[in-house]
Amino acid sequence: MEAQGASPDGEQDYDGSAESSPGRRDFLGLVATTTTVTGLAACAVPFVDSLKPQDSLAARLPLDIDISRLAPGQQMTVSWQGKPVFIVRRTPEALAALQSPALTQKLRDADSTTNQQPPYARNWHRSVVAEYGVYVGICTHLGCVPSYTTPQADGADNAGSGGYACPCHGSHFDLAGRVYKDVPAPYNLPVPPYVMPSPTTLRLGENPPGQHFDFSTIEQI
């Protein structure tokens with residue numbers, strides 16, 4: 413009977429299997445295991461990194477909005493940098509009401525002196541084009557999203573101009589995003605940087621030519 417481990421020419425094959433110690437086997441097994449784990453770890457790093465939140469380039473790029481179907485008195489809401497942005501098309505009647513002393517005397521910052529808008533929107537209508545109001549739709553009190561009230565439904569309570577009401581703590585803003593007195597919200601609604609490259613296109617996240625405004629410099633969002 414041929415001895416276990418014998419080579420074809422009759423010599424005993426001493427590859428260590430017959431006389432290798434348990435310590436040597438454990439050492440070889442440890443080396444193999446370590447090599448395998450190291451390889452798996454190297455492969456896992458890109459996968460783990462892929463699970464980390466990535467800074468999306470798309471979130472920082474300007475966003476073009478088609479406003480061609482926005483009728484007078486209507487509002488649309490879009491998402492910009494993870495924030496709701498209100499775009500409202502104001503009627504001539506609402507624009508006239510925004511300049512009424514009956515309304516402005518009720519406002520905390522009627523002249524937009526607080527840094528809550530770009531310099532090019534520091535005017536009575538707080539916008540690039542008077543017909544369109546553009547605001548980040550987050551109440552400056554505790555961050556709730558205000559609801560839109562049409563001028564027709566608003567009546568004398570807001571001098572006929574319409575506006576915004578915060579459902580959380582009762583703050584009110586007019587259709588220029590200006591906050592009323594004696595409400596919890598301390599500031600007007602923020603106006604984001606934007607430009608209108610055409611009468612029917614509004615581009616969020618880009619300033620008009622020759623203008624500069626860093627949205628991070630506003631008082632409060």
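So in the working numbering, spot 113 of the sequence shown is number 525, and the numbers just go up one at a time.
All C-beta atoms in this analysis are idealised placements derived from N, C-alpha and C, irrespective of residue type, glycine included.
None of the values given here were measured: they were computed from a predicted structure.
Residue j beta carbon less than 8 Å from that of residue i
i: R538; j: A506; result: no
i: P604; j: W492; result: yes
i: V497; j: G549; result: yes
i: A577; j: P563; result: no
i: P504; j: E618; result: no
Paired residues, beta bridge with residue i - DSSP
i: Y592; result: L519
i: S559; result: A577
i: L475; result: L616
i: H584; result: A577
i: I499; result: M488 and V546
i: Y606; result: L616
Selection from the options that minimises the alpha carbon distance to residue i
i: R590; options: G494, V490 and A533; result: A533
i: K593; options: T526, Q517 and G494; result: Q517
i: C514; options: D586, P474, P598 and P602; result: First, the amino acid is wrong: residue 514 is Ala here, not Cys. That would be D586, whose Cα lies nearest to the Cα of A514.
i: G555; options: S628, P602, S610 and N619; result: P602
i: D476; options: D626, F627 and T613; result: T613
i: L482; options: L510, E543 and D523; result: E543
i: M608; options: F627, D626, E631 and V541; result: V541
i: K495; options: C551, P530 and N619; result: C551
i: E631; options: T525, S480 and I479; result: T525
i: I499; options: A508, L519, A509 and P484; result: P484
i: V490; options: D521, I633 and Y547; result: Y547
i: L519; options: H581, R502 and V595; result: V595
i: R502; options: Y606, D521 and I479; result: I479
Neighbour-count burial assignment, residue i, 16 or more Cβ in a 10 Å radius
i: G545; result: buried
i: P621; result: exposed
i: P611; result: exposed
i: T629; result: exposed
i: L616; result: buried
i: R640; result: In the structure as shown, the chain starts at 413 and stops at 633, and residue 640 therefore has no counterpart that could be examined.
i: S512; result: exposed
i: D626; result: exposed
i: H584; result: buried
i: T561; result: buried
i: P530; result: buried
i: A508; result: exposed
i: K464; result: Residue placement at K464 is flagged as unreliable, the pLDDT there being 40, under the threshold of 50; the coordinate-derived value follows with that caveat. When all chains shown are included, K464 counts as exposed.
Distance between beta carbons of residue j and residue i, contact taken as under 8 Å
i: N600; j: Q487; result: With 8 Å as the limit, N600 and Q487 do not qualify as a contact, their Cβ atoms being about 17 Å apart.
i: H624; j: A597; result: With 8 Å as the limit, H624 and A597 do not qualify as a contact, their Cβ atoms being about 27 Å apart.
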